[in-house]
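**Student:** First the structure, then my questions, so here it is.
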Amino acid sequence: MNNHTQKQKNRGLGVLAIILCLIIWQVVAVYIVKYTFILPAPTDVFSAFVELARSGTLILDFQESMIHFAMGIGAAILVGIPIGIIMGWSRKCDAFLNPIVEIIRPIPPLAWIPFAIIWFGLTLYSAAFVIFIGAVFPIIINTYSGFRNVPRIFVEAGKMLGCTKNSSLIRHIAFPAALPSVASGIRIATGVAWMCLVAAELFGVSNYGLGKNLWQYYNLHRMDCVVVYMLILGLIGLAVDILLRYYIDHHFLKWQTNEVA
Amino acid sequence: MGNLEIRDLCQSFARDDKTRLQVLEHLNLDVTDKEFVCILGASGCGKTTLLRLIAGLDEAESGSILLDGEEIKGPNPKVGFVFQEYSLFPWRSVIDNIAFGLEMKGIPAGERYKVAEEYLELVNLTPFRNSYPSELSGGMRQRVAVARALALDPVLLLMDEPFGALDAQTRNMLQKELLEIWEKTKKTIIFITHSVDEAVYLSDRIVVLTPRPGRICKIAPINLPRPRNRTSVEFAEVRREILDLISMNCSVQ
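Chains as they are written, first to last, in the numbering used here: chain R, 1 to 261; chain X, 262 to 514.
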């Protein structure tokens, strides 16, 4: 009970911080900066939001961005997990693939934009490609380390119970044992992918998109609308992260209670 | 059947300084069907190495291990293994852990669960059918591990200090349960321990190993009738004999 009220109090503190922040922002924008191009006030942003929501473009932007995001993440999962598995399972594949992965990994995803355009043109595929590049490495690395850290005793117990082929050991022992690590890799990847989204849409691959229209409204000097898009991008990113975290915690908690502090 | 013959078994490991550490030296041992044998020895004497060789988890440097006349060359479903540490798959419920071996054999779900439930009952854990290993106590986990190893109906059950991490009370209870299971299922059991008390309570024969390199120091038959009473004079007598034997002949020279 005590703990519960303490939690509520703490939540109240968070809400208070947001309200304070809004008030300070409003005061600074209206009384100090006095110029909505430099700093739109919260009230300006709110009315811009109402205007954008009425026109219906926000929904279309959201849909378009989600398509880019899902394609990029989906491809990253399909490519990253198998690569992580073979690197984590076989020392030889690790030695073979590791240098390539380590050289390509530090290249910022946005540096791939020129090639994305050359290879895929101004299509949604090039946006998805940039997102894919951002998302695939966290998935490879986490799958890899998940597989590397599978306790040997599980593999040996599996062998003693008739699970002896590499493919069955991967499927029945190593993959389930590594799954929490794989899942947290996907969670990290969605974060990176979301950050790549705006840049991936900037170069005009589609008529809609949250990143695309953020840039569009900047060109129109509608900074209040830019802030609306910034906040929406932040909130969706947060929501995706909370959903994934909730799913991961609830799915793996039942067999991990004694491993996580 | 579960007759085991170990012939001239040697095993050594490479050390950092390029020399080799001899762990087992020309070890010979016969275990007959349905026998309960405890292998007793100080830590580091090669008990676990020996058991892993019998299991087929490691390959011996030289010598052979025959189970019912067939050489052991790798993990074999005729041999069950209960590990020292907790080895249950944490992502599977108790029943799915027990059914794992049957699943690997390709037995359909209905039959698989029927068999698994029998073994669940054998270790008295029916109420925990759908629990996850993280929800079980140490003693319950090792009981599930025993059930999981037995579910494939092996002829030989290898146990590597399975109760080593448990408190004395739980340990005594599990020893009693293990003997009951052994009476019912009649497997050949090779059980590793460093506890003389445990070895005297459980075995038909105690095999005492010398410390490095591991050789058989002494094989002592235990002729006390079962159920054995730990507090009886005869039990204490046998225990003292074994302890004397170890301190006189089988300890570090």
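We treat Cβ as the ideally placed atom computed from N, Cα and C, and that holds for glycine.
1) Are the CB atoms of Ala127(R) and Ala200(R) within a distance shorter than 7 Å?
2) Quick check: is the beta carbon of Gly425(X) nearer than 7 Å to any beta carbon in chain R?
3) Can you give me the Cβ contacts of Trp194(R) inside the same chain, cut-off strictly under 6 Å, excluding the 5 residues immediately before and after it?
4) Rounded to the nearest angstrom, what separates Leu290(X) and Ser464(X) at their Cα positions?
5) So, with DSSP's three-state summary, where would you put Gly237(R)?
6) Take Glu322(X) and list the residues in its own chain whose beta-carbon comes closer than 7 Å to its own, dropping the five residues that flank it on each side.
7) What residues in its chain sit with their C-beta under 7 Å from that of Ile85(R), if we drop five residues either side in the sequence?
8) Touch check for the stretch 106 to 121 of chain R and the stretch 275 to 292 of chain X: three-plus C-beta pairs under 8 Å?
9) Taking 7 Å as the threshold (beta carbon to beta carbon), is Leu161(R) in contact with chain A?
10) Going along the stretch 146 to 176 of chain R in order, which residues come within less than 8 Å of chain X, judged by CB to CB distance?
11) Counting contacts by CB-CB distance shorter than 7 Å, is Pro388(X) in contact with chain R?
12) Mind the definition here: the stretch 450 to 469 of chain X touches the stretch 480 to 493 of chain X only if three or more C-beta pairs lie below 8 Å; say whether that holds.
13) Less than 7 Å between CB atoms is the rule here; does Leu244(R) satisfy it with respect to chain X?
14) Name, in chain order, the residues that DSSP records as bridge partners for Glu201(R).
15) On the DSSP bridge assignment, give the partners of Val283(X) in chain order.
16) Given 8 Å as the limit, is there contact between the stretch 53 to 73 of chain R and the stretch 200 to 218 of chain R, that is, 3 or more CB pairs closer than that?
17) Would you kindly report the start and end of the unbroken beta strand (DSSP E) that includes Arg466(X)?
18) Please report whether the beta-carbon of Trp255(R) lies at a distance below 7 Å from any beta-carbon of chain X.
19) Going along the chain, which unbroken runs of the beta strand (DSSP E) with 3 or more residues stay wholly within the stretch 411 to 488 of chain X?
20) How would you call Pro99(R), buried or exposed, if buried means at least 16 neighbouring beta carbons within 10 angstroms?
21) Less than 7 Å between the C-beta atoms of Ala412(X) and Ile359(X), yes or no?
22) Tyr381(X) CB to nearest chain R CB: under 7 Å?
23) If we require 3 or more residues per run, which beta strand (DSSP E) segments fall completely within the stretch 291 to 327 of chain X?
24) Which of helix, strand or coil does DSSP assign to Val260(R)?
25) To the nearest whole angstrom, what separates the beta carbons of Val227(R) and Val45(R), a pair I think is in contact under 8 Å?
26) Going by beta-carbon coordinates alone, are Thr431(X) and Gly475(X) separated by less than 7 Å?
27) Three or more C-beta pairs closer than 8 Å, one from the stretch 314 to 331 of chain X and one from the stretch 153 to 165 of chain R: is that the case here?
28) How big is the Cα-Cα spacing for Leu202(R) and Met66(R)?
29) Please report whether the beta-carbon of Met365(X) lies at a distance below 7 Å from any beta-carbon of chain R.
30) Check whether the Cβ of Gly362(X) lies closer than 7 Å to any Cβ atom in chain R.
31) Got a sec, what are the start and stop residues for the alpha helix (DSSP H) Val355(X) sits in?
32) Between the beta-carbon of Ser206(R) and the beta-carbon of Glu64(R), is there less than 7 Å?
33) Arg105(R) by DSSP, collapsed to three states: which one?
34) Count Cβ pairs between the stretch 415 to 431 of chain X and the stretch 333 to 349 of chain X that sit closer than 8 Å; are there 3 or more?
35) Taking Phe342(X) as part of the beta strand (DSSP E), name the residues at either end of that continuous run.
36) Tell me the start and end of each unbroken alpha helix (DSSP H) in the stretch 38 to 99 of chain R that is at least 4 residues and wholly inside, in chain order.
**Tutor:** The answer reads as follows:
1) The answer is yes: Cβ separation under 7 Å.
2) With 7 Å as the cut-off, Gly425(X) does not count as an interface residue toward chain R.
3) So the qualifying residues of the chain are Gly237.
4) C-alpha of Leu290(X) to C-alpha of Ser464(X): approximately 15 Å in a straight line.
5) In the structure shown, Gly237(R) falls within a helical segment according to DSSP collapsed to helix, strand and coil.
6) The answer, listed in chain order, is Cys271, Gln272, Ser273.
7) So the qualifying residues of the chain are Thr143, Phe147, Ile170.
8) Result no; under three Cβ-Cβ pairs closer than 8 Å.
9) Structure shown: chain A not included; protein chains present are R and X.
10) Residues Ile153, Phe154, Glu156, Ala157, Gly158, Lys159, Met160, Leu161, Gly162, Cys163, Thr164, Ser168, His172, Ile173, Pro176.
11) It does not; no Cβ of chain R falls within 7 Å.
12) Using a C-beta cut-off of 8 Å, the stretch 450 to 469 of chain X makes contact with the stretch 480 to 493 of chain X, since at least three inter-stretch Cβ pairs fall below that distance.
13) Answer no: the Cβ-Cβ gap between Leu244(R) and chain X never drops below 7 Å.
14) For Glu201(R), which the question treats as bridged, DSSP gives no partner whatsoever.
15) First, the amino acid is wrong: residue 283(X) is Gln here, not Val. Residue pairing by DSSP places Gln283(X) opposite Ser273(X) in a beta bridge.
16) Three or more pairs of CB atoms, one per stretch, sit closer than 8 Å, so the stretch 53 to 73 of chain R contacts the stretch 200 to 218 of chain R.
17) DSSP places Arg466(X) in the uninterrupted beta strand (DSSP E) bounded by 466 to 470.
18) Trp255(R) counts as touching chain X.
19) The qualifying runs are 417 to 421, 449 to 454, 466 to 470, 477 to 482.
20) Counting Cβ neighbours within 10 Å, Pro99(R) comes out exposed, since fewer than 16 surround it.
21) Cβ atoms of Ala412(X) and Ile359(X): closer than 7 Å.
22) Inspection of the sequence shows that residue 381(X) is occupied by Leu rather than by Tyr. So, not an interface residue.
23) At a cut-off of 3 residues, the continuous stretches assigned as beta strand (DSSP E) that sit fully inside the stretch 291 to 327 of chain X are 297 to 301.
24) Note that Val260(R) scores a pLDDT of 41, beneath 50, so its modelled location is shaky; the value from the coordinates is reported in the next line. Reduced to three states, the DSSP call for Val260(R) is coil.
25) Contact between Val227(R) and Val45(R) holds, since their C-beta atoms are separated by about 5 Å, short of 8 Å.
26) No, they are not a contact pair.
27) Short answer: they touch.
28) Looking at the two C-alpha atoms, the distance is approximately 15 Å.
29) Residue contact with chain R for Met365(X): present (Cβ-Cβ distance below 7 Å to some residue of chain R).
30) Output row for Gly362(X): interface = yes.
31) Element bounds for Val355(X): 355 to 359.
32) Result yes, Cβ atoms of Ser206(R) and Glu64(R) sit closer than 7 Å.
33) The DSSP-derived three-state label of Arg105(R) is coil.
34) Yes: at least three Cβ pairs fall under 8 Å.
35) In this chain, the beta strand (DSSP E) harbouring Phe342(X) covers 340 to 343.
36) Qualifying alpha helix (DSSP H) stretches, in chain order: 42 to 55, 57 to 89.
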